[in-house]
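Chains as they are written, first to last, in the UniProt record's numbering: chain R, 1 to 218; chain W, 1 to 218.
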């Protein structure tokens with residue numbers, strides 16, 4: 001039985017974020033399905049054992065238990081530094097830059113991207129409801145402004161953190177994947193450096209394995 | 001001797017004060033360079049070179065220039081590991097993982113509703129911007145739910161990540177200071193026994209008192 005367990009749900013971008021890191025690091029692991037449709041994530045056992053916020057994913061490595069996908073990926077990247085892909089820099093200056101763009105993803109990009117993904121992907125898929133046009137119209141230009149900054153950054157640097165693929169890039173993959181199936185795709189396609197970066201990171205074998213693994217759980 | 005560490009931004013900014021608290025905890029000398037936001041200094045080309053999103057803080061140390069307050073704090077803890085509060089970001093990987101988990105909880109769950117309330121209740125009046133009562137009510141509800149989770153957690157542990165004050169607790173200081181001391185929503189914290197106890201303890205630290213003094217003097 002694997003010491004590493006990922007508790008998660010299909011269609012969960014946060015679960016995908018952790019799986020992407022697990023596959024990049026080539027870690028033996030067990031996936032434990034959390035049945036959100038049955039409200040499993042809000043039940044007392046899940047709240048007290050895995051994640052008091054009642055969200056997925058949750059993570060175990062032996063006795064260690066963690067929640068928050070971006071804390072889990074950091075742990076994986078550090079603890080298993082010698083396995084699979086290097087996802088962080090050992091050099092503290094380079095790591096500082098990567099850390100900046102990890103925060104940009106979590107604080108600038110994700111807040112807007114998640115709202116658009118909710119309106120354009122999840123509401124129709126899960127609730128059979130159509131997108132709130134006002135919310136989409138408010139957030140598309142916001143995302144465009146953020147992507148302008150990404151365009152400048154990626155004109156100077158192959159990946160967000162520097163020369164190498166790191167968590168700063170990986171963290172974007174899940175929401176990108178869902179937004180690519182919507183009208184928002186044009187915002188990415190129209191920016192050449194952003195577009196090239198996306199083509200590169202979404203072609204990574206580990207990412208494709210993580211996607212396939214989660215989709216097989218549906 | 002020139003102080004190599006520079007922080008750009010007004011001390012009244014919550015994100016700037018997060019960095020200042022960390023610098024005081026680590027006993028790292030710094031120069032605070034004021035940015036006049038009411039005059040739009042943060043949107044000017046010279047500043048955008050330091051922080052492309054046109055936000056404060058920006059940070060320079062020797063040859064490095066970074067932004068995003070939580071990335072800056074992690075960098076300070078890494079670079080100056082042997083100074084000041086050595087345990088601020090944990091002294092072993094498991095402690096660090098727990099601290100990262102609660103820094104992410106702050107950034108993803110606590111910050112959105114609390115910073116919205118800080119803006120609506122503390123800043124909007126000063127800026128002659130009309131308050132949005134619906135937004136206030138919605139975010140008060142969201143924050144209450146988060147603080148219920150914190151109440152439970154702080155009944156199990158003295159600080160969020162465990163027995164010691166850490167970067168995770170520190171990250172919460174700026175928004176909470178405004179809400180408790182500058183608005184009528186302080187009872188969200190003080191009416192919850194464990195959260196109230198925790199707030200008293202973390203806000204009494206010398207490092208935070210120094211930040212509050214700076215804010216008052218500015």
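Beta carbons: idealized from backbone N, C-alpha and C, even for Gly.
* Asked: Taking three-plus beta-carbon pairs below 8 Å as touching, is the region 33-41 of chain W in contact with the region 62-71 of chain W?
  -> no
* To do: Compare the Cα-Cα distances from residue 199/R to each of 173/R, 116/R, 161/R and report the closest residue.
  => 173/R
* To do: Please confirm whether any heavy atom of the ligand FAD lies closer than 7 Å to the CB of residue 177/R.
  => Although the ligand FAD was asked about, the structure shown includes no ligands whatsoever.
* To do: Give a yes or no on whether 8 Å exceeds the smallest Cβ distance from residue 71/R to chain W.
  => yes
* Asked: Are the region 131-145 of chain R and the region 85-95 of chain R touching, with three or more C-beta to C-beta distances below 8 Å?
  -> no
* Tell me, please, whether the CB atom of residue 20/W is closer than 8 Å to any CB atom in chain R? => no
* Short Cβ contact (8 Å threshold) for residue 178/W with residue 99/R -> no
* First through last residue of the alpha helix (DSSP H) which encompasses residue 202/W -> 193-203
* Asked: Just how far apart, CA to CA, sit residue 140/R and residue 177/R?
  -> 16 Å
* Can you tell which of 204/W, 152/W, 210/W has the C-alpha that lies nearest to the C-alpha of residue 52/R? -> 152/W
* Asked: At least one CB of chain A closer than 8 Å to the CB of residue 110/W: is that the case?
  -> The structure shown has no chain A; the protein chains it does contain are R and W.
* Asked: Start and end of the alpha helix (DSSP H) containing residue 171/R?
  -> That residue, residue 171/R, is in no alpha helix (DSSP H); it is neither H nor E in DSSP.
* Per-residue burial, residue 218/W [other beta carbons within 10 Å of its own, 16 or more giving buried] -> exposed
* Do you know how far the Cα of residue 24/R is from the Cα of residue 207/R? -> 7 Å
* Local conformation of residue 193/R per DSSP, three classes -> helix
* Residue nearest to residue 111/W in terms of C-alpha spacing, selected from 25/W, 87/W, 174/W, 131/W -> 174/W
* Amino acids of chain R, ordered along the chain, whose beta-carbon sits closer than 7 Å to that of residue 197/W -> Ordered by position in chain R, no residue passes the 7 Å Cβ test against residue 197/W, which lies about 18 Å from the chain.
* Looking at chain R, which residues of the region 88-110 of chain W have a Cβ within less than 9 Å of any of its Cβ atoms? -> 93, 94, 96, 97, 98, 99, 100, 101, 102, 103, 104, 105, 107, 108, 109
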